[in-house]
Amino acid sequence: MVASEGGWIALFSGGKDSSWALHRALEAGRDVRRLVIVRPPEGSHAYHAPATAVTRLAARSIGIPIVDAGLPATDLEPPDLRATGRSSATDGTEEFESLEVVLERLDDEFDGGLAGVVAGVVGNEFQVDRLRSLCDGLGCTFLAPLWRAEPRALATEMIDGGLEIVIVEVSAPGFDERWLGRRLDRNALIELEALGREHGVHLLGEDGAFETIVTDGPHMERPIALTVEREWNGDWGRLRIVDARLE
Numbered sequence: 001m002v003a004s005e006g007g008w009i010a011l012f013s014g015g016k017d018s019s020w021a022l023h024r025a026l027e028a029g030r031d032v033r034r035l036v037i038v039r040p041p042e043g044s045h046a047y048h049a050p051a052t053a054v055t056r057l058a059a060r061s062i063g064i065p066i067v068d069a070g071l072p073a074t075d076l077e078p079p080d081l082r083a084t085g086r087s088s089a090t091d092g093t094e095e096f097e098s099l100e101v102v103l104e105r106l107d108d109e110f111d112g113g114l115a116g117v118v119a120g121v122v123g124n125e126f127q128v129d130r131l132r133s134l135c136d137g138l139g140c141t142f143l144a145p146l147w148r149a150e151p152r153a154l155a156t157e158m159i160d161g162g163l164e165i166v167i168v169e170v171s172a173p174g175f176d177e178r179w180l181g182r183r184l185d186r187n188a189l190i191e192l193e194a195l196g197r198e199h200g201v202h203l204l205g206e207d208g209a210f211e212t213i214v215t216d217g218p219h220m221e222r223p224i225a226l227t228v229e230r231e232w233n234g235d236w237g238r239l240r241i242v243d244a245r246l247e
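Note that the sequence shown covers residues 1 to 247 in the UniProt record's numbering.
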C-alpha cells in the first residue's frame, strides 16, 4: 500500500480512460474513497458521461461510493448531440467550477483531508492544467496515470488487461452504424488505425470521434448487461441504453 494520509477521489465517467486510470490507481494502493461523476452542461465535451445510469452501476460493481458534480442524471440516455452539435461546446469552465466545490467539500469530509485526485486524461492540456491548478489550491496530489501514453500501447494494455469496452457513440467520417455497440478489441484497433490514416480519427477517440463505456474489468466485481437500441442519423450515431443491470 502507498502510505499517505487522507483519501483519494477518481474522476469517473464509466468510459475506458477513467476506468483504466482508476484500476491503475487501485492497483498502486491508492485509497480511493469516492468516484466523482462530472455532469457537464449540454453541449460541453470537457468531460464524457454518455450513460450515467451505467456509470452508477459500474460504481456499485466497483464498490466505491459516487458523488455527482454538476447536473443530475435524469434517465438512461447519452446526451442528445442533435440539440446543440459539437460546435457549441463550452470551454469547460462550468464543469471545473462545479468540481472545485465537490473537491472542497470532500477535503473537509475526509479524515486527513483530500490526498489526491485521479484522472484518466490522456492528451488534453486544458484539462490537465485546470485539474493540476485545482489540486495545487487544495494542497493535494494530481495523478494522471495515462498522461501522454502512446495510443496503440495504451489501447492494447486496456484490452489485454481485461476491460470490456463498448463503443456507444460515433461522430466522425468513416464510421457507420456497425460500430455502435461494437466491442473495442484488437480487430477494432486495426480498423481504427485505418480510419486514422484515412480520416484522422484518433485511436483512443481523443478528438471526440467515439465514446465508450466499460461493462467489465479487473476493478469490477460484477459485469454489466445492457439492452440497447441503435440510433443512426447519417453522420453520427449512438446507442440508446434502454436497460442496464448487474449480472
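Idealized CB from N, CA, C, for every residue including glycine. Bear in mind the structure is a predicted one, so any value in this text is a computation, not a measurement.
Next item on the list: Figure out for me which residue from E97, R132, L192 and L106 has the closest Cα to the Cα of L143.
Entry: R132
Check: Would E150 be called buried (16 or more neighbouring beta carbons within 10 Å of its own) or exposed?
Finding: Exposed, because fewer than 16 other Cβ atoms sit within 10 Å of the Cβ of E150.
Margin query: Let's see if you can read the secondary structure: which residues bound the alpha helix (DSSP H) around V122?
Written below: Per DSSP, V122 belongs to no alpha helix (DSSP H) and is neither H nor E.
Check: Among the residues of its own chain, which have a CB less than 7 Å from the CB of L26, if the five just before and after it don't count?
Finding: V32 and H219
Note to self: Runs of 3 residues minimum, wholly inside the region 6 to 32: which ones carry the beta strand (DSSP E) assignment?
What the structure shows: If only complete runs of 3 or more residues are kept, the region 6 to 32 shows the beta strand (DSSP E) at 7 to 11, in order along the chain.
Next item on the list: Compare the beta carbon distance of V214 and G6 with 8 Å and say whether it is the shorter of the two.
Entry: no
Check: Hey, A53 and G120: beta-carbon distance below 8 Å or not?
Finding: No; because the gap between Cβ atoms is not below 8 Å, this pair is not in contact.
Note to self: Rounding to the nearest angstrom, what Cα-Cα distance links G63 and R222 in this structure?
What the structure shows: Roughly 10 Å between the two C-alpha positions.
Item checked: Rounded C-alpha distance that separates R230 from A10 -> 30 Å
Next item on the list: Could you tell me which residues DSSP pairs with L143 in its beta bridges?
Entry: DSSP lists V118 as partners of L143.
Check: What separation, rounded to the nearest whole angstrom, lies between the Cα atoms of V38 and A59?
Finding: Whole-angstrom Cα-Cα distance: 14 Å.
Note to self: Measuring straight from C-alpha to C-alpha, what distance separates S98 and A69?
What the structure shows: 6 Å
Check: Can the beta-carbon of V166 be found less than 8 Å from the beta-carbon of T227?
Finding: Not closer than 8 Å, so no.
Margin query: Taking 8 Å as the threshold (C-beta atoms), are H199 and P173 in contact?
Written below: yes
Next item on the list: Excluding the 5 residues preceding and the 5 following Q127 in the sequence, name in chain order all residues of the same chain whose CB lies nearer than 6 Å to its CB.
Entry: V121
Item checked: Straight-line gap, W179 to G208 (C-alpha atoms, nearest Å) -> So the two alpha carbons sit approximately 15 Å from each other.
Next item on the list: Specify the secondary structure class of E247 as computed by DSSP and reduced to three states.
Entry: coil
Notebook entry, point to check: If we ignore side chains and look at the alpha-carbon of each, how far apart do I224 and L57 end up?
Noted result: 7 Å
Next item on the list: Give the straight-line distance between the Cα atoms of L134 and A115, rounded to the nearest whole angstrom.
Entry: 13 Å
Next item on the list: If I'm right that L195 touches A155 with Cβ under 8 Å, what's the distance once you round it to whole angstroms?
Entry: About 13 Å; that fails the 8 Å criterion.
Checklist line | Bridge-paired residues (DSSP) for W232 | finding: For W232, which the question treats as bridged, DSSP gives the partners G237.
Item checked: Local conformation of F175 per DSSP, three classes -> coil
Item checked: Distance, L246 Cα to L106 Cα -> Approximately 28 Å, taken between the alpha carbons.
Next item on the list: Give me the Cα-Cα distance between G237 and D108, rounded to the nearest whole angstrom.
Entry: 42 Å
Check: Can you tell which of D111, F210 and V36 has its C-alpha closest to the C-alpha of V102?
Finding: Among D111, F210 and V36, the Cα nearest to that of V102 is on V36.
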